Amino acid sequence: MDLKITCIPGDGIGPEIVGEARKILDVVARKYGHVIRYTDILMGGASIDAYGVPLTEEAVAAAKSADAVLMGSIGGDASTSPWYKLSPDLRPEAGLLAIRKALNLFANLRPAVLYDELVGACPLKEEISAAGFDMMIMRELTGGLYFGKRQTTESDGVKTAVDTLVYNENEIRRIAVKGFEIARKRRGKVTSVDKANVLDSSRLWRQVVEEVARDYPEVTLEHMLVDNCAMQLVKDPAQFDVILTENMFGDILSDEASMVTGSIGMLASASLNDTKFGLYEPSHGSAPDIAGKDIANPIATVLSAAMMLRYSFDLDVEADAVEKAVKQVLKDGYRTSDIMSEGCTLVGCRQMGDLLAERI
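Pasting the structure below:
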């Protein structure tokens, strides 16, 4: 298979972790008979330094011409970097917002997995963490309260702020289809999260999700109110497979789910459009304080590359091989500094990449 991948190394530790992810992809390609064609583009601070803007039209065109995009981390230290003396529309993160919009990325995927070898990092009680968990938060990314009309007015000396939560059935249907498609690749369960006891938008959400569910009889659907879901994530996270929800609820729940893993350096993510195209990146930041020191954890980016293989290229066997390699390296006791524990072997970014490659 011919895989066209645009890479955005980004800022801080981005070039290091993307380099290790590419190392893993190259091993996969050799083992399973694929050809990968990479194109590199700049975004964020690196693009500002080179071109004066966080994202160029040429970079967008290169991303659009690929089958998928693999990205490192964007941004720097807001207190010291000259990038943050620029106007907001010229700062590094503006490039990320712009590329999401240009590529029509509406579905955000945030897996939260508690590995057996890292169970000690989980902040939950041992009787809960012992069960483990492996869930996928599916968040609608371009609608809802964050994108509705907003205004602040003043009348008779009283200020009033209004934010509008808007969804139409087409926006809900397309994210629901993605959710059910991904559940079909996993354990076959969707938990649709809303606030249907209060909000009209949630009642429409629930109605459309039920309509989509009829096309996926092999997938189990349950509904859960968002406040209950927030509680269940810390009470019994093992019950969840795919959590499907709107923008603001997903923003909050995905952060909660990531924290109960206890290991942000292990968290991958993806943003998809209505085709197989996606942008894949780690959930953590650019960590400029450790950039260039060969101590960054590349596993989140490697797992993001595994998601790319699975969701953009339908290469489930290859994705499984990468994920199994991660589990094996952890089982063998190798750790980067952010996940180091007593009795394990400390390794750097490059060596972690080498160890993962050996196990594929």
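If you count the sequence shown from 1, position 196 lands on 196 in this note's numbering, and the numbers rise without skipping.
Beta carbons are placed, not taken as given, at the ideal position from N, Cα and C, and that holds for glycine.
Being a predicted model, the structure only gives us computed values, none of them experimental.
Residue range of the alpha helix (DSSP H) that includes residue i
| i | result |
| --- | --- |
| C229 | 226 to 235 |
| G10 | Where G10 is concerned, there is no enclosing alpha helix (DSSP H), although the beta strand (DSSP E) it sits in stretches over 2 to 10. |
| T152 | That residue, T152, is in no alpha helix (DSSP H); its beta strand (DSSP E) goes 150 to 155. |
| T366 | Because the chain is modelled from 1 through 360, residue 366 falls outside the range shown and cannot be assessed. |
| N247 | 247 to 261 |
| D200 | 200 to 213 |
Buried versus exposed call for residue i [16 or more other C-beta atoms within 10 Å across all chains shown]
| i | result |
| --- | --- |
| Y127 | It should be noted that the sequence gives Glu, not Tyr, for residue 127. It counts as exposed. |
| M135 | buried |
| E281 | buried |
| K159 | exposed |
| G292 | exposed |
Pairwise C-alpha distance: residue j and residue i
| i | j | result |
| --- | --- | --- |
| D116 | G132 | 7 Å |
| Q351 | R91 | 33 Å |
| Q232 | D156 | 44 Å |
| P15 | M43 | 12 Å |
| Q328 | V317 | 16 Å |
| V190 | D320 | 21 Å |
| S269 | V119 | 21 Å |
| G10 | M71 | 7 Å |
| M308 | S271 | 10 Å |
| R206 | E169 | 10 Å |
| N104 | N273 | 6 Å |
Cβ shell of residue i (< 7 Å), same chain only, five flanking positions each side left out
| i | result |
| --- | --- |
| E211 | none |
| V302 | E20, A21, I24, V322, V326, L356 |
Own chain residues within Cβ distance below 6 Å of residue i, not counting five before or after
| i | result |
| --- | --- |
| N297 | G265, T336, D338 |
| P288 | G12, G76, D77 |
Other residues of its chain near residue i: CB distance less than 8 Å, five sequence neighbours each side excluded
| i | result |
| --- | --- |
| C344 | G333, Y334, R335 |
| R37 | D2, L3, K4, I5 |
| D67 | L3, K4, I5, K276, F277, S312, F313 |
Residue i, enclosing beta strand (DSSP E) - first and last residue
| i | result |
| --- | --- |
| T39 | 35 to 40 |
| V69 | 68 to 73 |
| Y280 | 278 to 282 |
| F133 | 133 to 140 |
| R187 | No beta strand (DSSP E) holds R187; DSSP gives it neither H nor E. |
| A268 | 268 to 272 |
Any non-hydrogen atom of the ligand HEM closer than 6 Å to residue i Cβ
| i | result |
| --- | --- |
| L86 | The ligand HEM is not part of the structure shown, which contains no ligands of any sort. |
Problem set entry | the segment 78 to 86 contacting the segment 240 to 256, beta-carbon criterion three pairs below 8 Å | no
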